[in-house]
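A.B. asks:
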Amino acid sequence: MAKNTTDSATPKPKKKRWYHQIWEVFQMVRREQPSIVLWLLLVFAGVVAVGVVAGVLFDQVLYFSLLSVPFGVLAAMFVLARRAETVAYARIDGEPGAVSAALGTIRRGWNVQEEPVAVDPRTQDMVFRAVGRPGVVLISEGPAHRVPKLLEGERKRVARVIPNVPIVLLQCGNEEGQIPLTKIANKVRRQKATLTRNEVAEVSKRLRALRSNALPIPKGVDPRRARPDRKGMRGR
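Residue numbers for the sequence shown, in UniProt numbering: 1 to 236.
(1) For D60, count neighbouring Cβ atoms within 10 angstroms of its own Cβ and tell me buried if that reaches 16, exposed if not.
(2) Look at V147 and Q171 and say whether their C-beta atoms are less than 7 Å apart.
(3) DSSP state of A49, grouped into three classes?
(4) DSSP beta-bridge partners for R129?
(5) What is the DSSP secondary structure of A214, reduced to helix, strand or coil?
(6) Please state whether DSSP places W18 in a helix, a strand or coil.
(7) So, with DSSP's three-state summary, where would you put V117?
(8) Return yes when the Cβ of F128 is within less than 7 Å of the Cβ of V99, no when it is not.
(9) Can a CB atom of chain C be found closer than 7 Å to the CB of E152?
(10) Kindly confirm or deny that the stretch 141-157 and the stretch 74-84 touch, where touching means at least three C-beta pairs closer than 8 Å.
(11) Rounded C-beta distance between Q33 and R83? I'm assuming under 8 Å.
(12) Can you tell which of L80, G94, R108, L150 has its C-alpha closest to the C-alpha of A130?
(13) I184 lies in the beta strand (DSSP E); which residues open and close that run?
(14) Could you tell me the boundaries of the beta strand (DSSP E) in which I167 lies?
(15) Does DSSP put N164 in a helix, in a strand, or in coil?
(16) When the Cα atoms are used, what is the spatial distance from N174 to H145?
(17) Return the CA-CA distance between K192 and V79, expressed in angstroms with no decimal places.
(18) How big is the Cα-Cα spacing for E114 and A209?
(19) Would you mind working out which of K149, G55, G135 sits nearest E199, comparing C-alpha positions?
(20) State the CB to CB distance for the pair S65 and V50, rounded to an integer number of angstroms; the pair is presumed to be in contact (CB under 8 Å).
(21) Shortest alpha-carbon distance to V161 belongs to which of V203, A185, K183?
(22) Is the separation between the beta-carbon of D120 and that of L181 shorter than 7 Å?
(23) Considering G72, what are the terminal residues of the alpha helix (DSSP H) in which it resides?
(24) Taking a contact to mean a Cβ-Cβ separation below 7 Å, would you say V137 touches V87 in this structure?
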């Protein structure tokens with residue numbers, strides 16, 4: 001009986017291990033910041049030195065020295081992760097849709113709309129939306145002299161659907177009065193909480209039903225790809 005064979009078996013792509021991901025992130029950072037090697041060594045050596053000193057004080061040098069090694073590695077990985085985030089933000093800063101990438105780093109408790117909820121078709125200025133316990137946060141992307149009108153228009157549209165919910169307006173950018181891309185996610189997270197979790201879910205549900213005539217992010221631009229792999233940075 002003839003065996004079923006294919007002309008060419010398609011090999012399955014190899015799954016990247018966590019250390020491959022860390023190496024890729026390290027290479028990315030080193031291309032932009034060659035001094036990262038020195039900084040990582042200094043951080044690791046500093047933590048180990050603290051362990052040695054503690055060992056001398058408690059008369060257990062070997063124990064504290066060995067114990068300090070994994071902590072030194074963790075400290076170096078933390079520095080690498082922060083530098084990788086800085087490099088990634090620098091790469092996408094100024095690109096259409098960069099705010100979406102920054103908001104994508106926000107963790108639990110927030111419902112973030114990946115696509116812009118409002119777009120000026122002429123200037124390509126955008127407004128993005130995040131819903132959390134502080135209420136609805138609208139973040140603009142564009143020059144400071146143009147985006148207030150777009151932000152206010154979206155605020156009025158949202159207020160008609162959820163009139164009693166706080167709406168926070170933020171501008172992301174590098175001009176005076178705007179929030180830099182690297183700080184926008186923290187600024188959103190640090191807003192004062194006023195809603196319960198159930199209220200957040202209800203607000204998100206209502207806003208999903210709100211149809212938007214916003215344009216999608218321009219083709220060929222996907223700033224979220226520039227984000228470093230966080231699982232790889234955590235060693236998973």
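Just so it is clear, CB atoms sit at the ideal spot from N, CA and C, and this is done for glycine as well. From a predicted model like this one, the values you see are computed outputs, not experimental measurements.
C.D. replies: Concretely, from the data shown:
(1) Here residue 60 turns out to be Gln, not Asp, going by the sequence shown. Exposed is the call here.
(2) A Cβ-Cβ contact shorter than 7 Å links V147 with Q171.
(3) helix
(4) L138
(5) For A214, the predicted model reports a pLDDT of 43, less than 50, meaning its position is unreliable and no value from the coordinates is stated.
(6) helix
(7) coil
(8) yes
(9) Among the chains of the structure shown, chain C does not appear; only one protein chain is present.
(10) no
(11) Going by Cβ atoms, the distance from Q33 to R83 rounds to 6 Å, so yes, they are a contact pair.
(12) R108
(13) Unbroken run through I184 is the alpha helix (DSSP H), 181-189; no beta strand (DSSP E).
(14) 167-172
(15) coil
(16) 12 Å
(17) 29 Å
(18) 15 Å
(19) G135
(20) Contact flag wrong, Cβ pair sits at about 10 Å.
(21) With distances taken between Cα atoms, V161 lies closest to V203.
(22) no
(23) 61-92
(24) no
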